[in-house]
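Written out below as structure tokens is the structure these notes cover.
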Amino acid sequence: MSLLSELKRRNVIRAGLAWLALGWLLVAMSNLLFPALNLPISAVRWLIFGLLVAWVGVLWFAWRYELTEGGLKRDHGPAGDNPQNARTARRIDQVTVVLVLAALSLSLLQQFLAPYAREREAAQAAAVAAPAQSPPAPLPPVRTEPADPHSIAVLPFANLSPEANDAYFADGLAEELRNVLARIEGLKVISRSSSFVFRDAGTPSEEIGARLGVANLVEGSVRREGDMVRITVQLIDAGTDRHLWSNTYERQLKDIFQLQQDISQAIADALAATLGVRTVQVAPSTQDLQAYELYLRGRQLFVQRGANLPAARDLLEQAVARDPDFADAWSALAGTWYVWRSYAAEPKGIDTIEQSALAANRALALDPQHAGALAVSARLAAESGQRLREFDLIARALALERNNANTWLWKGLGEYEVGHIDAAHQSFVQAQRLDPLSGLNLGWLAITTAQRGDIAAARPMLRQAHTLGWRGPASRALFLLASESGDDPTEPYLAWLHDDDSLAPAQRDLARGLAPALAEPEQWGPMQQRLLAASAERPAREWAILLQIFGLTDAALTAALHTDAANSRTLSLIQWMPAFDSFRAHARFLELAEREGLPAYWRQHGPPDGCTVLESPPSLECAQ
715 MSLLSELKRR NVIRAGLAWL ALGWLLVAMS NLLFPALNLP ISAVRWLIFG
765 LLVAWVGVLW FAWRYELTEG GLKRDHGPAG DNPQNARTAR RIDQVTVVLV
815 LAALSLSLLQ QFLAPYARER EAAQAAAVAA PAQSPPAPLP PVRTEPADPH
865 SIAVLPFANL SPEANDAYFA DGLAEELRNV LARIEGLKVI SRSSSFVFRD
915 AGTPSEEIGA RLGVANLVEG SVRREGDMVR ITVQLIDAGT DRHLWSNTYE
965 RQLKDIFQLQ QDISQAIADA LAATLGVRTV QVAPSTQDLQ AYELYLRGRQ
1015 LFVQRGANLP AARDLLEQAV ARDPDFADAW SALAGTWYVW RSYAAEPKGI
1065 DTIEQSALAA NRALALDPQH AGALAVSARL AAESGQRLRE FDLIARALAL
1115 ERNNANTWLW KGLGEYEVGH IDAAHQSFVQ AQRLDPLSGL NLGWLAITTA
1165 QRGDIAAARP MLRQAHTLGW RGPASRALFL LASESGDDPT EPYLAWLHDD
1215 DSLAPAQRDL ARGLAPALAE PEQWGPMQQR LLAASAERPA REWAILLQIF
1265 GLTDAALTAA LHTDAANSRT LSLIQWMPAF DSFRAHARFL ELAEREGLPA
1315 YWRQHGPPDG CTVLESPPSL ECAQ
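Shown next as structure tokens:
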């Protein structure tokens, strides 16, 4: 007897098919029940693996044993043919048909329920993420001008992973995708801080597009299980809410960079009609997936700033410890150290600017064309008075990443520090265009708007910047505008002292006591003496602002030339305001300017707007 005939006689084939039908039914049931039980996706894979292993055992058992009238007995071959086999075969066939019909019914039911399940998962993910969000920022006004057809915003991806803590991973992938799209020539990509405001707003696509000034939106979801990730992405026409393209990808985490390239290329292809053909390339930044996850978490905390900076530093340092050749992580670490002094006191015994320079240099040693590291290095060059180098580095950074709002902001700050107000204004316009919900961008745009003569437009912009979180600097600018306009500056002065966390407690307390002098000129003399005594007792550069506000220009220059570098950028960024006209006209101002590298820059690129550099005696003469 042939092997096939013997397999049929022993019902091995029938038993195998029946087991496969049972397995199909169990897998269909698991796809419906496991999500409700919060079991991971990997549980389905393990079930399939177990069924296949058991299938081998079923085949062996069917070959080895037969069902007789006396129960299960060992099969002795054709010589001991069992008349019960035919009856058993019919029963197995009947069971197989029932199992197949049941499995098919469940599979069809699952396809019918799938859209509703995805909506439920998205709602659950939003509900989990919502409590962790800060109070929502006010939405930007709806723009009336038509959106650039070559513009796009990447909205935050919904975290559908079983672990709520994986929200950072969903955000990180959305930002990584945004960064890849930002490198596509001719495509305007809105910054993360503006597009992520719409995380849980429930805002229609048309309104999001109108508020951000973009024609296209990217939205999606991420579900991560172990070393597998499933990403669903869709491209939407913001004007019509029409889906231009969508796809679901399921890959291993080790292929995450190729996945980013595939998604970005698909989006670029979908926009080819207006954008033209573009090729997207994504080079893996690290081969260490754990280092990559540490980087995503650290970068997210770095973007949030404030009290999150120490945790961001720790995570990024862990990332570069695991992979010392991870240029992106070194660049993010450099940025974290650079902004540290703006939000917190320096850690004891650590020079944050020095640490920032070390990290930026390491990133550039690994990748000389790393735009983020070039931008940080530009600001570090400004710290040391290397103005020509600063603008060379910032130009290189923007040539690599034209859609980086922060780099445009830093370019504007550098231009403002050298007194080129008009150029700074144009840079701030570009930064605000790419990141319309940044209080920082809007605030500096308001300041240059005021200095260009439109104070009426600047005031509401500063109030909006204050609402968006740029509290201290916006309040200070509103106070200085009130002083220049002849309004009573007392209330905005006290608001500045309340909002500006950069002021030392001792300075803040003294400054509050000086407030009556602003409205009562007869108290000016005694208040000036109190301020002079306090600044002489504890000499520091940050006294210069208060001294200048209360008309003590000589003392303000003396304080400004103090070697203490704490908060040095604050003075550099407000010394061009009209309230500091006498400060800039002082004979010692050029001494301060020399320390900051300004004359060398002026010699090549022209003096400050509306000013002339006089040689004899050395001074800066500016139109009032």
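If you count by the numbering used here, then the sequence shown holds residues 715 to 1338, one letter each, in order.
From the three backbone atoms N, C-alpha and C, an ideal C-beta is built for every residue, glycine too.
Quick caveat, the model's predicted, so the values are computed rather than measured.
Considering Cα atoms alone, identify which of the options is closest to residue i.
| i | options | result |
| --- | --- | --- |
| residue 1203 | 1210, 919, 1193 and 762 | 1193 |
| residue 1189 | 1166, 1216 and 1035 | 1216 |
| residue 1242 | 1236, 1264, 1144 and 1017 | 1264 |
| residue 1284 | 1256, 1310 and 1298 | 1256 |
| residue 1046 | 881, 1025, 1145 and 1065 | 1025 |
| residue 925 | 888, 1309, 867 and 879 | 867 |
| residue 1267 | 1302, 1234 and 1250 | 1302 |
| residue 1144 | 817, 927, 741 and 870 | 927 |
| residue 1315 | 1131, 1224 and 1261 | 1131 |
| residue 1011 | 739, 765, 1219 and 890 | 890 |
| residue 905 | 1210, 771 and 1155 | 1155 |
| residue 818 | 1327, 740, 747 and 766 | 740 |
| residue 1027 | 1013, 736, 997 and 1173 | 1013 |
| residue 656 | 727, 726, 766 and 728 | Nothing about residue 656 can be reported from this structure: the residues present for the chain run from 715 to 1338 only. |
| residue 985 | 1183, 1066 and 863 | 863 |
| residue 759 | 941, 918 and 869 | 941 |
| residue 1035 | 1061, 1073 and 1065 | 1073 |
| residue 1291 | 903, 1259, 1032 and 870 | 1259 |
| residue 1166 | 899, 1337, 902 and 771 | 1337 |
| residue 1099 | 879, 1313 and 1029 | 1313 |
| residue 736 | 1029, 761, 771 and 814 | 814 |
| residue 919 | 948, 900 and 898 | 948 |
| residue 1252 | 1201, 1049, 1221 and 860 | 1221 |
| residue 747 | 807, 804, 823 and 1317 | 823 |
| residue 1295 | 1093, 1317, 1061 and 1333 | 1333 |
| residue 1254 | 980, 1288 and 1218 | 1218 |
| residue 968 | 983, 959, 981 and 997 | 997 |
Can you check whether the CB of residue j is closer than 8 Å to the CB of residue i?
| i | j | result |
| --- | --- | --- |
| residue 930 | residue 865 | yes |
| residue 938 | residue 875 | yes |
| residue 908 | residue 1152 | yes |
| residue 884 | residue 896 | no |
| residue 1023 | residue 1058 | yes |
| residue 1052 | residue 1090 | yes |
| residue 730 | residue 769 | yes |
| residue 970 | residue 943 | yes |
| residue 1104 | residue 1128 | yes |
| residue 821 | residue 732 | no |
| residue 1148 | residue 1109 | no |
| residue 1037 | residue 1087 | no |
| residue 1250 | residue 1262 | no |
| residue 1161 | residue 1196 | no |
| residue 1274 | residue 1304 | no |
| residue 1083 | residue 1114 | yes |
| residue 1157 | residue 1206 | no |
| residue 1339 | residue 1286 | The structure shown does not extend to residue 1339, since the chain is modelled only from 715 to 1338, so the question has no answer here. |
Tell me residue i's beta-bridge partners as DSSP assigns them.
| i | result |
| --- | --- |
| residue 903 | 866 |
| residue 963 | 945 |
| residue 936 | 873 and 945 |
| residue 950 | 931 and 957 |
| residue 1333 | 1328 |
(message) Extract the residue ranges of the alpha helix (DSSP H) inside the region 1051-1101, only unbroken runs of 4 or more that lie entirely within it.
(response) 1066-1080 and 1085-1097
(message) Contact between the region 1134-1141 and the region 1319-1327 is defined here as three or more beta-carbon pairs at a separation below 8 Å; is this criterion met?
(response) yes
(request) Pair every Cβ in the region 947-966 with every Cβ in the region 1175-1187, then say whether three or more of these pairs are closer than 8 Å. (result) no
(request) Entirely within the region 1217-1246 and at least 4 residues each: give me those alpha helix (DSSP H) ranges in chain order. (result) 1219-1228 and 1230-1233
(request) Would you list, in sequence order, the uninterrupted alpha helix (DSSP H) runs of no fewer than 4 residues that lie entirely inside the region 1101-1144? (result) 1101-1114 and 1119-1131
(message) List, from N- to C-terminal side, the alpha helix (DSSP H) runs of 4 residues or more that fit wholly inside the region 1011-1056.
(response) 1023-1036
(request) Quick one: which unbroken beta strand (DSSP E) runs of 3-plus residues sit fully inside the region 1248-1332? Chain order, please. (result) 1325-1329
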